[in-house]
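According to the working numbering, the stretch in the sequence shown is residues 5 to 172, in order. In this text, a Cβ means the ideal position worked out from N, Cα and C, and glycines have one as well. What follows is a short report on a single structure.
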Amino acid sequence: MELELVLGDITKIEVDAIVNAANTSLLGGGGVDGAIHRAGGKEVLDDCIRIRNRQGGCKVGEAVITTAGKLRAKHVIHTVGPRWNNGQSNEDEKLRNCYINCLAIAQEHGLKTMAIPNISTGIYKFPKERAAAIAIETVQKHPADLHRIVFVCFDAENYAIYNNLLGN
Ligand code: ADP
5 MELELVLGDI TKIEVDAIVN AANTSLLGGG GVDGAIHRAG GKEVLDDCIR IRNRQGGCKV
65 GEAVITTAGK LRAKHVIHTV GPRWNNGQSN EDEKLRNCYI NCLAIAQEHG LKTMAIPNIS
125 TGIYKFPKER AAAIAIETVQ KHPADLHRIV FVCFDAENYA IYNNLLGN
């Protein structure tokens, strides 16, 4: 499996699935969630509402898949990262579960390429170094049949951290 690092906007990436750092409501929000819903349009939200009506949103650490609407990607995998609480709420394990569950959904749907943002490191304030180490370690430990995973960093600080950890 190839790990790629990109500095940029995840809504522009053409892959089988982009991952959204959603919230438990699945109704959209700020940050990458807002950007994905804006670019994907009504179809993405309609799918999220269908899932919400069926199972009542998405819990922290879990993931669900929807259409990607007007995005270049084929699907969006919405996962809910933990809000940082000074390390007192099993945040590491919850973040690890986000990556594990996104990989499992990708596997179930036979996806080959996936792009992932730096879950929880924006509004949810998870320390960036710590989040990056968990992201890289988890995808390396749980090889799905994916051919390519793209880590998409939106800020230079995360990009530098990933670059360093990936040994580029
Ligand atoms: P969270 O609530 O999980 O912290 P945020 O959306 O606030 O979610 O931030 C998660 C990460 O996504 C942050 O590193 C932020 O810089 C990044 N981000 C924001 N917009 C985009 C985008 N369009 N493409 C990729 N990453 C983005």
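What I want to know is whether the C-beta of residue i ends up closer than 7 Å to one or more non-hydrogen atoms of the ligand ADP.
| i | result |
| --- | --- |
| residue 131 | no |
| residue 15 | yes |
| residue 167 | no |
| residue 163 | no |
| residue 121 | yes |
| residue 149 | no |
| residue 155 | no |
| residue 136 | no |
| residue 23 | no |
| residue 65 | no |
| residue 93 | no |
| residue 77 | no |
| residue 117 | no |
Run through DSSP, which three-state label would residue i get?
| i | result |
| --- | --- |
| residue 152 | strand |
| residue 17 | coil |
| residue 142 | helix |
| residue 169 | helix |
| residue 48 | helix |
| residue 133 | helix |
| residue 68 | strand |
| residue 27 | coil |
Worksheet item: What are the start and end residues of each continuous alpha helix (DSSP H) run of 4 or more residues lying completely inside the stretch 84-129, in chain order?
Response: 95-112
Discussion item. Below 8 Å, how does it come out for the stretch 121-131 and the stretch 28-38: are there three or more Cβ pairs, yes or no?
Written reply: yes
Discussion item. Under 8 Å: do the stretch 92-109 and the stretch 46-59 share three or more Cβ pairs, one atom per stretch?
Written reply: no
Practice prompt. Decide if the stretch 69-82 is in contact with the stretch 15-31; the criterion is three or more beta carbon pairs, one per stretch, under 8 Å apart.
Written response: yes
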